[in-house]
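Protein chains in written order, with this note's numbering: chain A, 1 to 364; chain B, 1001 to 1373. Following: one structure in structure tokens, then a few remarks.
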């Protein structure tokens, strides 16, 4: 739930940067013959909405409607928070509505886009109620999936974005450091996560998802904290948003368990090998092949490369065939389970530059 | 919460409602920011962007997850034992719903929030079957809480009290709003809350609404408004309170007195058989009698309260015109939150359990204008 710090720091995210994003989308709209774009976002994942407007709905959902000349941010929040929204976003107009779909369509109708070509980012994930209401008002418009249009821009973050992503990654790593500083044995999972989250929120995290698993074999993968007391190894995964930009860092604290220590050593070695391979042009499959090699009999070995834009989805992944683009920011995830059921997990966020992967959680 | 009996009871009520609505199958959909539908039908809180539960006409259910790593956890803890995950949840739903003839009807609870892709997929794979919204039907099933549910909401209420106390304890001049919320969150989460929805606003009479925390320092002499809404065992409970950082002014006291009397008017009369409209009217009448009728309109306020359960803003909405009849076992929050020109936006909210003869408050925090030195 978004209840961390939401603000627009123009040193970190200059007005020109946001204007440039919108201009780039408008240029692509013109090339693709699109008259308008709808970018929907909700409390869980603001995604393209946040990218283009710097607004993430802290409750319910919202949508940016962009034509080649004008724009409006539609929100289900009350008009009483419009001034707060305008403090965050350079959009020209903010409207409150109970029906995002109908309001978007009416706004476009006012601008004579009734029979236009309307692109919707992540069309497959647009709520059916919004789509239906939109189509009722504009039945003759052509609605197409415009996901690639914005995704192609986002997959190579700008310098300003990399700055924000680095901050998110560093915050995640710093917060997890708490888990190394304290003895966790006997503490409740929820107490440990509360401390990690506190560090993240004090650091300015807008949103976060901290997952944890603990115990002896059979192990578990990190999930929501419970009131269970920590015994044995602890796996912690911090997924954090700083000013709308998400990063992930995940570690294993094996504690005194020899089996967990060995599993973690093996996993970290494989992770490092995968990291070394993670260069522009290499396919995801090549990078994660080492991670997926069997370890003992019947163990689970996992590896994945995900674009940062897929966060906070815990399993947003690129397919194995995809070559990793130069300039992309990605999350490399690895998991391993020994035949005895002891698990280890590791993840981190990297910028793929010309010299190879740069670990953002360790960047200055 | 003990699963078996509670789950059977829920399935029974769902089936009865399905029969009343002439549904041959039900798909319950949840997106990540509204997990409640699926959680109600499965006792499982999923990770990832969405999940579904498909229920056939005999009450047999399948839990369909978008995230593979959820499967193991679901197999260990979900009430639904048939669990699968993958990109193609629709196939799993269609498999569970079984053979449906021409003219059959399938309801989707959460159809409005379900993605276009999912709904189109269901329609394509069930040709000749009418796919309709079952959201209101499902909301109706959930509206009256079982004893087990109320027990969980009571525990969430305890955490709401804990959270508000932490809010009071952590008010320090110069602290930023987002730091204060972080402090409250730490306490509530360490006490076992799965999540906590929280808004606040600090300032004077110019404040018109709460929002997420800002990068603004809290100063002595300001009024702080907050709502703390922890989630525990899948259930939310909210507390809304106003705090003066210093000595309250005459206007603040006068303003709060109106809010208190408005809430008291509702709580004093609230019982099963009243409508949500009635509860709103009782509150609004107090503001009107003070000459502030304008300030209970949409321009200044949202609602006079709302339902609580697995979503903290469930139906019924407590507002004029809302004709839902309150029944024993419903849980609602009564909050006359609004802006008054006397002292700015104020909040006062308490969740209550509706009974045959009245209502029972589910938090213990005093209903007063708090002051912190």
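Glycine residues also receive a C-beta, built at the ideal position from the N, C-alpha and C atoms. Since this is a predicted model, take the numbers as computed values, not measurements.
Given residue i as reference, the closest of the options once Cα atoms are compared
{"i": "residue 1296 of chain B", "options": "B:1190, B:1311, B:1345 and B:1086", "result": "B:1345"}
{"i": "residue 266 of chain A", "options": "A:325, A:202, A:293 and A:143", "result": "A:293"}
{"i": "residue 1330 of chain B", "options": "B:1291, B:1230, B:1141 and B:1202", "result": "B:1141"}
{"i": "residue 1274 of chain B", "options": "B:1316, B:1251 and B:1131", "result": "B:1316"}
{"i": "residue 247 of chain A", "options": "A:192, A:7, A:225 and A:162", "result": "A:162"}
{"i": "residue 1004 of chain B", "options": "B:1064, B:1077 and B:1287", "result": "B:1077"}
{"i": "residue 1022 of chain B", "options": "B:1107, B:1085 and B:1214", "result": "B:1107"}
{"i": "residue 63 of chain A", "options": "A:78, A:41, A:77 and A:84", "result": "A:41"}
{"i": "residue 109 of chain A", "options": "A:65, A:127 and A:51", "result": "A:65"}
{"i": "residue 217 of chain A", "options": "A:254, A:203 and A:243", "result": "A:254"}
{"i": "residue 325 of chain A", "options": "A:14, A:210 and A:156", "result": "A:156"}
{"i": "residue 1026 of chain B", "options": "B:1372, B:1094, B:1216 and B:1286", "result": "B:1094"}
{"i": "residue 1186 of chain B", "options": "A:194, A:188 and A:184", "result": "A:194"}
{"i": "residue 207 of chain A", "options": "A:160, A:106, A:172 and A:178", "result": "A:172"}
{"i": "residue 1325 of chain B", "options": "B:1024, B:1148 and B:1144", "result": "B:1144"}
heavy atom of the ligand GDP below 7 Å from residue i C-beta
{"i": "residue 1154 of chain B", "result": "Ligands in the displayed structure: none, and consequently the ligand GDP is not present."}
Where residue i sits in the DSSP three-state scheme
{"i": "residue 221 of chain A", "result": "coil"}
{"i": "residue 1069 of chain B", "result": "coil"}
{"i": "residue 1018 of chain B", "result": "helix"}
{"i": "residue 180 of chain A", "result": "helix"}
{"i": "residue 84 of chain A", "result": "helix"}
{"i": "residue 1155 of chain B", "result": "helix"}
{"i": "residue 1200 of chain B", "result": "strand"}
{"i": "residue 1237 of chain B", "result": "coil"}
{"i": "residue 320 of chain A", "result": "coil"}
{"i": "residue 107 of chain A", "result": "helix"}
{"i": "residue 1252 of chain B", "result": "helix"}
{"i": "residue 1165 of chain B", "result": "helix"}
{"i": "residue 1222 of chain B", "result": "coil"}
{"i": "residue 245 of chain A", "result": "strand"}
{"i": "residue 1082 of chain B", "result": "strand"}
{"i": "residue 295 of chain A", "result": "coil"}
{"i": "residue 63 of chain A", "result": "strand"}
{"i": "residue 147 of chain A", "result": "helix"}
{"i": "residue 259 of chain A", "result": "helix"}
{"i": "residue 352 of chain A", "result": "strand"}
{"i": "residue 1029 of chain B", "result": "strand"}
Start-to-end residues for the alpha helix (DSSP H) that takes in residue i
{"i": "residue 1135 of chain B", "result": "1135 to 1143"}
{"i": "residue 1277 of chain B", "result": "1276 to 1289"}
{"i": "residue 198 of chain A", "result": "189 to 202"}
{"i": "residue 29 of chain A", "result": "15 to 31"}
{"i": "residue 284 of chain A", "result": "284 to 288"}
{"i": "residue 1177 of chain B", "result": "1177 to 1190"}
Residue i, enclosing beta strand (DSSP E) - first and last residue
{"i": "residue 1053 of chain B", "result": "1050 to 1056"}
{"i": "residue 213 of chain A", "result": "207 to 215"}
{"i": "residue 130 of chain A", "result": "No beta strand (DSSP E) holds residue 130 of chain A; the alpha helix (DSSP H) holding it covers 128 to 137."}
{"i": "residue 333 of chain A", "result": "329 to 337"}
{"i": "residue 237 of chain A", "result": "233 to 242"}
{"i": "residue 305 of chain A", "result": "300 to 307"}
{"i": "residue 1346 of chain B", "result": "1344 to 1346"}
{"i": "residue 359 of chain A", "result": "356 to 359"}
{"i": "residue 73 of chain A", "result": "71 to 75"}
Burial state of residue i (16 or more Cβ within 10 Å)
{"i": "residue 1035 of chain B", "result": "buried"}
{"i": "residue 180 of chain A", "result": "exposed"}
{"i": "residue 1037 of chain B", "result": "buried"}
{"i": "residue 1250 of chain B", "result": "exposed"}
{"i": "residue 941 of chain B", "result": "Since the first and last residues shown for chain B are 1001 and 1373, residue 941 of chain B lies out of range."}
{"i": "residue 103 of chain A", "result": "buried"}
{"i": "residue 101 of chain A", "result": "buried"}
{"i": "residue 121 of chain A", "result": "buried"}
{"i": "residue 263 of chain A", "result": "buried"}
{"i": "residue 252 of chain A", "result": "buried"}
Proximity test, Cβ basis, 8 Å: residue i and chain E
{"i": "residue 21 of chain A", "result": "Although the question refers to chain E, the structure presented lacks it and instead comprises the protein chains A and B."}
For the segment 1176 to 1201 of chain B, enumerate the residues whose C-beta is nearer than 7 Å to any C-beta of chain A, in chain order. 1178, 1179, 1181, 1182, 1185, 1186, 1189, 1190, 1192, 1194, 1195, 1197 and 1198
Using a Cβ-Cβ cutoff of 7 Å, what residues of the segment 1112 to 1135 of chain B are near chain A? List them in chain order. 1112, 1113, 1114, 1115, 1116, 1117 and 1119
Which residues, taken in chain order from the segment 1051 to 1068 of chain B, show a beta carbon closer than 7 Å to some beta carbon of chain A? 1067 and 1068
Tell me which residues of the segment 26 to 58 of chain A have at least one Cβ-Cβ distance to chain B shorter than 8 Å, keeping chain order. 42, 43, 44, 45 and 58
Please name the residues in the segment 290 to 313 of chain A whose beta-carbon is closer than 9 Å to at least one beta-carbon of chain B, in chain order. 302, 312 and 313
Can you pull out the residues from the segment 171 to 205 of chain A whose beta carbon lies closer than 8 Å to at least one beta carbon of chain B? Listed in sequence order: 188, 190, 191, 193, 194, 195, 197, 198, 201, 202 and 204.
Cβ-based contacts, 7 Å cut-off: residues of the segment 117 to 130 of chain A near chain B: 123, 124, 125, 126, 127, 128 and 129
Against chain B: residues of the segment 225 to 237 of chain A by CB proximity under 9 Å: 225, 226 and 227
For the segment 1292 to 1310 of chain B, which residues have a CB atom closer than 9 Å to at least one CB atom of chain A, in sequence order? 1298, 1299, 1300, 1301 and 1302
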